Amino acid sequence: MTDDVIRAVLAEHGRLAVDVAALDPDADLYQVGLTSHASVNVMLALEDSFDFEFPEQMLRKRTFESIAAIRAAVDGLTRAEVD
Amino acid sequence: MTAIDLTSASVVERAQRISEDVAGPNAEAVDRHARFPVESVEALRVGGLLASLIPVDLGGGGAGIREVADVVAILGRGCASTAMVYAMHQIQVACLVRHGRTPVLAAYLREVAADGLLLASATTEVGIGGDVRSSSCAVERSPGRFHLTKEAPVISYGAFADGILATARRTPASPASDQVLVVCRRAHTRLEQRSDWDTLGFRGTCSNGFTLTSDDDDAYVMPDSYADISSQTMLPTSHILWASVWLGLATAAVDKARGFVQAAARKSPGSTPPAALHLAELVAVHQQLADLVQSAARRYDEAWGVDDREVVEAMGFVIAMNALKVSASQLVVDIVSRAMQICGMAGYSNGSPLSLGRLLRDAYGAALMVNNDRINANNAQLLLVHRER
């Protein structure tokens, strides 16, 4: 479920050079064309989809380097809200 | 010219001697003829200042970014083109120091230190329109080797450089944003000049356009992605050292304004010259610029000292460094303009000791070399998500 939302956000806002559906969760998104400009749009769409705000310390390149990394960040933030 | 003892003095003292005795006296000729400041760069080489930022264990001076920023500002007070060449060289050195952690690249840094090599940069590309985070050219590899051809609209002092760090796509199949940084050593690189450098200011940087072709061992393709090198090292170092150049040239303008006011005061002791009030205002603005540059250098120096990626990878750090560039590049124009107001016709005249023409022309380059509009647009995008901790 979470992965589907992340992939949908990347497909719409990531402007990647590859098919997001076929992307390995650990593939380096920057190597397939994610720019810092597009990554901000991805962050905005993720915040809107999951209804949270990324805290300042997560706003760095590494947080968005792969689907798995984004997944870990999203899981951490959504769990924090449940707690 | 007095003989300069370039071995015993401190880095800052050596920089002061070079600025006052070599760079300053040649600044007008460098500007008039748009020629490379050969004698200043040679003095920097002989004085060991080209190797300041290289760690001691690799044969360098082991200085931090703050000390280098001070050197740049001191040089900028004498000749902004010399200071800019020195700054751009140190930016390349910084990238190698922090991201060249392979035996081959460490050996190259050792050579840069031992031989006093001068490094230049080829980040912009014809057809890309100034976006240094995109490349069209690509690294082509064959076993153990690389080939690169790049159409560079400017390579500052390219004709005088011993090595050029060039951006390119990682592979011919890579997207435009997936870049690497390639060390193009002079013996393995050909430059064909494509355009001239005839600008209002920074004329001595000789930033002609070239077609660069390089074939070498693929160990000279730096291992880190350019995205990381850019955000963690090249961008902060560039903004701090460029701003230090502007601080230096702003200081030169204040020197002239102060000279004018004090000369007037000596003619009529007891009555404060009208321009003295403007000098007080000018010095306040100069202090803003000095404190802005020095606090940014200190902030980066502290992160650099402990190799703190957490600090330099944070979005807030990028925003702060971008804001530094925009603010400093505006303040320098303000400062030189105020100095002109104080010096009046003496500042406006060419050839007068108080002439501000060169400083004014140099100052206007600050907002354009990486256009402030582009930098503000980057910050505007980042501020859509950034929040203070």
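If you read the protein sequences in the order shown, they are chains C and D. Just so it is clear: in the first sequence, position 40 is 40 by the working numbering, and no numbers are missing. Just so it is clear: in the second sequence, position 53 is 53 by the working numbering, and no numbers are missing. Virtual Cβ for every residue (Gly too), placed ideally from N, Cα, C. Keep in mind that this is a model prediction, so the values were computed, not measured.
Reference C/Phe64, options C/Ala45, C/Arg79, C/Asp19 and C/Ala80, closest by Cα: Cα-wise, what sits closest to C/Phe64 is C/Ala45.
Which of helix, strand or coil DSSP assigns to D/Ile54: If DSSP states are grouped into helix, strand and coil, D/Ile54 belongs with coil.
Integer-rounded CB distance, given that D/Lys325 should sit under 8 Å from D/Trp242: About 7 Å; that satisfies the 8 Å criterion.
8 Å Cβ cutoff, D/Glu39 in contact with chain C: Put simply, the CB of D/Glu39 is far from chain C, with every gap to its CB atoms at 8 Å or more.
Where D/Met1 sits in the DSSP three-state scheme: Because D/Met1 carries a pLDDT of 43, less than 50, the predicted location of this residue cannot be relied on, and the following value inherits that uncertainty. It is coil, neither helix nor strand.
CB of D/Tyr226 within 8 Å of CB of D/Val180, strictly: The answer is yes: Cβ separation under 8 Å.
Contacts that C/Phe50 makes with chain D (C-beta to C-beta distance below 8 Å): Going along chain D, no residue has its Cβ under 8 Å from C/Phe50, so there is no contact; the nearest lies around 14 Å.
Any chain C beta carbon closer than 8 Å to D/Glu125: In terms of beta-carbon proximity, D/Glu125 stays away from the interface with chain C, with every pair separated by 8 Å or more.
Three-state secondary structure (DSSP) of C/Gly106: The question about residue 106 of chain C has no answer here: the residues shown for chain C are numbered 1 through 83.
Every unbroken beta strand (DSSP E) inside the stretch 75-162 of chain D [3 residues or more]: For the stretch 75-162 of chain D, whole beta strand (DSSP E) runs of length 3 or above, ordered along the chain, are 119-122, 140-142 and 145-152.
CB contact flag (D/Ala257, D/Leu279, <8 Å): Yes, the Cβ-Cβ distance between D/Ala257 and D/Leu279 is below 8 Å.
Buried versus exposed, by CB contacts within 10 Å (16 or more), D/Thr189: Buried is the call here.
8 Å Cβ cutoff, C/His13 in contact with chain D: Under the Cβ distance rule, C/His13 does not count among the residues neighbouring chain D, no pair being separated by less than 8 Å.
Every unbroken beta strand (DSSP E) within the stretch 170-224 of chain D, with a cutoff of 3 residues, ordered by chain: If you keep only unbroken beta strand (DSSP E) runs of at least 3 residues inside the stretch 170-224 of chain D, you get 179-185, 189-195 and 209-217.
Straight-line Cα distance separating D/Ala276 from D/Leu148: For D/Leu148 and D/Ala276, the distance between alpha carbons rounds to 57 Å.
Spatial neighbours of C/Glu107 in its chain, beta-carbon cut-off 8 Å, leaving aside the 5 residues before and after: This structure does not reach residue 107 of chain C, given that chain C is present from 1 up to 83, and the question cannot be answered.
Contact list for D/Leu382 against chain C, beta-carbon separation under 7 Å: Below the 7 Å Cβ cutoff, chain C contributes Val40 as neighbours of D/Leu382, in chain order.
Beta strand (DSSP E) runs contained entirely in the stretch 228-301 of chain D, provided each spans 3 or more residues: Segments of the beta strand (DSSP E) lying fully in the stretch 228-301 of chain D: there are none.
6 Å CB neighbourhood of D/Cys206 in its chain, flanking five on each side removed: Annotation for D/Cys206: Phe36, Tyr157 and Trp197 place their beta carbon closer than 6 Å to its own, counting only its chain and skipping 5 residues before and after.
Any C-beta of chain C under 8 Å from that of D/Thr2: Residue confidence for D/Thr2 is low, a pLDDT of 46 falling below 50, so the modelled location carries little weight; the figure read from the coordinates is stated next. For D/Thr2, the nearest beta carbon of chain C is not closer than 8 Å to its own beta carbon.
Coil, strand or helix - D/Ala34 by DSSP: Three-state result, D/Ala34: coil.
D/Thr213 to D/Ala263 span [Cα, whole Å]: If you take the alpha carbons of D/Thr213 and D/Ala263, they lie about 55 Å apart.
D/Gly76 versus D/Thr123, D/Arg358, D/Asp217 and D/Leu117, residue with shortest Cα-Cα distance: The residue from D/Thr123, D/Arg358, D/Asp217 and D/Leu117 with its alpha-carbon nearest to that of D/Gly76 is D/Arg358.
Best match in D/Arg387, D/Asn371, D/Asp255 and D/His386 for proximity to D/Gly129 [C-alpha to C-alpha]: Checked all of D/Arg387, D/Asn371, D/Asp255 and D/His386; the closest Cα to D/Gly129 is D/Asn371.
CB of D/Val254 within 8 Å of CB of D/Gly209, strictly: Not a contact, by the Cβ cut-off of 8 Å.
Residue burial classification, C/Val40 (beta-carbon count within 10 angstroms, cutoff 16): By the 16-neighbour rule on beta-carbons within 10 angstroms, C/Val40 is buried.
Status (buried if at least 16 other CB within 10 Å, exposed otherwise) for D/Met234: D/Met234 is buried by the Cβ-count criterion.
D/Ala168 and D/Val139 closer than 8 Å at C-beta: Here D/Ala168 is near D/Val139, since their CB atoms are less than 8 Å apart.
D/Glu388: contacting residues in chain A (beta-carbon distance under 8 Å): The question asks about chain A, but that chain is absent: this structure's protein chains are C and D.
Exposed unless 16 or more other CB atoms sit within 10 angstroms - verdict on D/Arg145: Counting of Cβ neighbours within 10 angstroms places D/Arg145 among the exposed residues, the total staying below 16.
Short CB-CB distance (under 8 Å) between D/Glu302 and chain C: So no, D/Glu302 is outside the interface.
Rounded straight-line distance, which links the Cα of D/Ile335 to that of D/Leu282: When the Cα atoms are used, D/Leu282 and D/Ile335 turn out to be separated by approximately 6 Å.
Residue range of the unbroken alpha helix (DSSP H) whose run includes D/Ser327: Unbroken alpha helix (DSSP H) run through D/Ser327: Met315 to Cys343.
Reference C/Ala27, options C/Gly76, C/Ala69, C/Thr78 and C/Val74, closest by Cα: Selected option, being the one with the closest Cα: C/Ala69.
C-beta atoms of D/Ala328 and D/Leu292 nearer than 8 Å: Result yes, Cβ atoms of D/Ala328 and D/Leu292 sit closer than 8 Å.
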